[in-house]
Structures are given as structure tokens and as C-alpha cells.
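Residue numbers (UniProt numbering): 1 to 270.
Below is one structure; the comments refer to it alone.
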Amino acid sequence: MTKPKTSSLAIKQLKRSDLVAQEVKRLITEKNLSPGDRLPREIELQEQFQVSKGTIREALKSLEVQGLITISTGPAGGGTIAEVPLDRTLQFMQNYLFFQEVTIDDIYTVRQMLEPELAAGAVPHLTEADFEALEHSISCCDPTQSHEDLLTQRREDVNFHDILAAANPNPFLRFSCELINEMIRQLIVFGNRTPQTEHRRFGEANAQFHRDIVQAARARDAERVRVLMHQHMQDAASSVKRMKGRIQGRLILDADTLRRPRPVAGRKRA
Numbered sequence: 001m002t003k004p005k006t007s008s009l010a011i012k013q014l015k016r017s018d019l020v021a022q023e024v025k026r027l028i029t030e031k032n033l034s035p036g037d038r039l040p041r042e043i044e045l046q047e048q049f050q051v052s053k054g055t056i057r058e059a060l061k062s063l064e065v066q067g068l069i070t071i072s073t074g075p076a077g078g079g080t081i082a083e084v085p086l087d088r089t090l091q092f093m094q095n096y097l098f099f100q101e102v103t104i105d106d107i108y109t110v111r112q113m114l115e116p117e118l119a120a121g122a123v124p125h126l127t128e129a130d131f132e133a134l135e136h137s138i139s140c141c142d143p144t145q146s147h148e149d150l151l152t153q154r155r156e157d158v159n160f161h162d163i164l165a166a167a168n169p170n171p172f173l174r175f176s177c178e179l180i181n182e183m184i185r186q187l188i189v190f191g192n193r194t195p196q197t198e199h200r201r202f203g204e205a206n207a208q209f210h211r212d213i214v215q216a217a218r219a220r221d222a223e224r225v226r227v228l229m230h231q232h233m234q235d236a237a238s239s240v241k242r243m244k245g246r247i248q249g250r251l252i253l254d255a256d257t258l259r260r261p262r263p264v265a266g267r268k269r270a
């Protein structure tokens with residue numbers, strides 16, 4: 001008995017609207033469309049793909065759920081290309097990790113590998129505006145200077161790393177680190193009995209590492225930045241474990257609760 005080919009079976013299982021969604025993605029690529037560009041009208045897509053209005057609308061709705069387009073109604077309505085936001089990507093990743101046992105150690109093991117290279121690669125591209133943003137971040141997360149609450153200070157620690165990420169020209173490395181940063185910002189919680197002095201010591205250590213990193217970056221010493229960031233990640237991992245940090249729940253959050261890092265002025269994405 002001949003065994004059916006897996007690839008053929010997978011294609012047959014796709015709904016017509018899924019196939020149309022794939023073709024729309026191909027159209028976006030072929031026409032080199034960018035965020036803000038409009039797709040052809042529904043009637044034009046119907047004629048192009050020879051499918052019903054309902055199939056086109058289902059395909060467009062699927063692309064909207066994926067974050068690739070936004071849909072507006074009315075006579076001038078239709079699909080507009082959108083840049084997939086980081087929080088939407090984090091949602092998808094959380095779904096993938098739903099049944100995985102992700103620990104603090106797992107997250108910081110990856111951070112220790114990626115963050116030093118991210119920071120070192122950003123050094124030649126940091127502008128004066130970036131340095132001002134980095135120094136502002138330090139003042140916000142340093143317990144000796146900041147009047148913010150401890151949770152806000154810890155989130156500001158992570159914003160420092162997002163500023164460096166925005167300056168790195170490698171889009172995949174940047175994306176990977178920003179995704180991890182968003183996980184840390186939203187999903188790591190600490191034990192209620194963790195002494196305030198531990199939080200303060202953690203914040204002071206982070207702020208000092210950040211100052212040293214900025215000083216080395218201003219000197220355009222990428223190797224020094226790499227070494228300092230590696231030490232920073234090791235120290236942070238130890239501190240988080242000492243403070244009984246843990247991943248809350250099963251990596252599932254409502255998208256509305258996600259807090260995006262503040263953008264860096266003047267920084268354009270590659």
C-alpha cells in the first residue's frame with residue numbers, strides 16, 4: 001500500500017482562505033510593499049484569485065490576526081500593510097512555549113550568549129542621542145537617584161538594553177534580544193519576601209554596570225563593552241536567582257497588558 005506524501009497531505013488540509021492568505025503574502029513580496037502601503041481592493045483580489053468575497057475576507061482577517069495588515073471598512077476600506085509589533089510576536093512565542101518548562105536559568109543562559117555581542121555590535125553606531133537616552137535610563141533605574149517604584153526601576157534596567165538593541169544593525173540579533181527583554185519585563189516576578197535591600201543592591205549594581213558600559217561605548221571600545229556586558233549578565237543572573245525570581249504562570253498574558261519599551265528618538269530600524 002502506497003503511503004501518502006506528507007507534503008501533499010499538508011497542502012490538501014489547507015483551507016482555501018489559507019491558500020489565498022499565502023498568495024497575498026507572495027504578492028506583498030513581489031510588489032515590494034512596505035508598512036503603510038495598501039493592498040488591492042477586495043474586488044480586485046477576488047478577480048485575481050478567482051474566489052468568493054467571503055474567502056477573501058477570511059484570508060485578510062487571518063493576515064490581520066497575524067499582525068501583517070490592518071483592515072478598514074467603508075468604500076475606501078481594505079487592507080493596509082503593517083509592521084508586526086513585538087508584543088504580537090511575543091504572544092505567538094508564548095503560545096509555542098505554553099507547554100515548555102522555561103526557567104530563569106534558560107532565559108539568562110541565552111542572554112549571556114547574545115547580549116555581549118549585541119552591545120559590542122552597537123558601539124560603532126551609537127549616536128549622541130543614544131548616549132543621552134542611555135544616561136537617562138541609568139538615572140531612572142539607579143535607586144540612589146530615582147524616585148520611581150522598584151518595579152519601574154527594574155523595567156528601566158531592561159529599557160537600557162533595548163536602546164543598545166535599537167543601535168545594532170543586525171535585525172535578527174536585535175529582534176532576539178528585544179524579545180527576551182520583553183519576556184523579562186513582563187513575565188519575571190520576585191518573591192514577596194525578597195528584602196527591599198536586595199532590590200536596592202540589584203539596582204545599584206545594574207546602574208554601575210550600565211555606567212561602565214556607556215563609558216566604554218563612548219570610547220568606542222567594543223571589546224571592553226563585550227566583556228562588561230558578559231559580567232553584567234552573569235551578575236544579573238545570580239541576583240535574580242538570589243531574589244527568588246521566577247516566570248509567572250505559563251508564559252501567557254493578555255496582549256493589552258504588554259508594555260512596549262519607549263522608542264529612541266531618531267533611531268530608524270533596518
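Ideal Cβ positions, reconstructed from N, Cα and C, are used throughout, including at glycine.
Computed from a predicted structure; not experimentally measured.
Here DSSP, grouped into helix, strand and coil, assigns THR73 to coil. Sorting GLY79, GLN50, GLN46, PHE49 by C-alpha distance to the C-alpha of SER62 places GLY79 at the top.
Under DSSP, GLY79 shares a beta bridge with ILE71.
Between ASN168 and ALA222, the beta carbon gap of about 11 angstroms keeps them out of contact (Cβ cut-off 8 angstroms). Inclusion of VAL158 and ARG185 in the CB contact set at 8 angstroms is warranted, their separation being smaller than that value.
Looking from the CA of SER176, the closest CA among ILE71, PHE160, THR89, CYS141 belongs to THR89. Non-local C-beta neighbours of VAL84 in its own chain, meaning closer than 8 angstroms and more than five positions away in sequence, comprise GLN66, GLY67, LEU68, ordered along the chain. ARG38 is bridged by DSSP to THR80. DSSP places PHE99 in the coil class of the three-state scheme, outside both helix and strand. Of LYS31, ARG41, VAL51, the smallest CA-CA separation from SER17 is found for VAL51.
Contact annotation, LEU126 with PHE160: C-beta distance approximately 13 angstroms; criterion of less than 8 angstroms not satisfied. Counting every other CB atom within 10 Å of its CB across the protein chains shown gives GLN94 a total of 16 or more, marking it as buried. Each residue's CA atom was taken as its position, placing ARG201 and VAL214 some 20 angstroms apart. PRO124 counts as exposed, since fewer than 16 other C-beta atoms from the protein chains shown sit within 10 angstroms of its C-beta. Cα atoms of ARG41 and PHE92: separation of roughly 29 angstroms, rounded to the nearest angstrom. Secondary structure of SER17 (DSSP, three-state): helix. Taking 4 residues as the shortest admissible run, the segment 133-177 contains the following complete alpha helix (DSSP H) segments, listed from N- to C-terminal end: 150-167.
Following the DSSP letters along the chain, one finds LEU126 in no alpha helix (DSSP H), marked with neither H nor E. Per the C-alpha coordinates, the member of GLU101, GLU23, GLU115 positioned closest to GLN234 is GLU115.
Cβ neighbours of ALA59 within its own chain (closer than 7 angstroms, five residues either side excluded): SER17, VAL20, ALA21, VAL24. A residue is called buried once 16 or more other Cβ atoms fall within 10 Å of its Cβ, and SER137 is buried on that count.
Setting aside the 5 residues that flank it on each side, ARG224 is surrounded in the same chain by ALA216, each with a C-beta closer than 6 angstroms to its C-beta; the list follows chain order. Our two residues, GLU64 and ARG57, have alpha carbons roughly 10 angstroms apart in a direct line.
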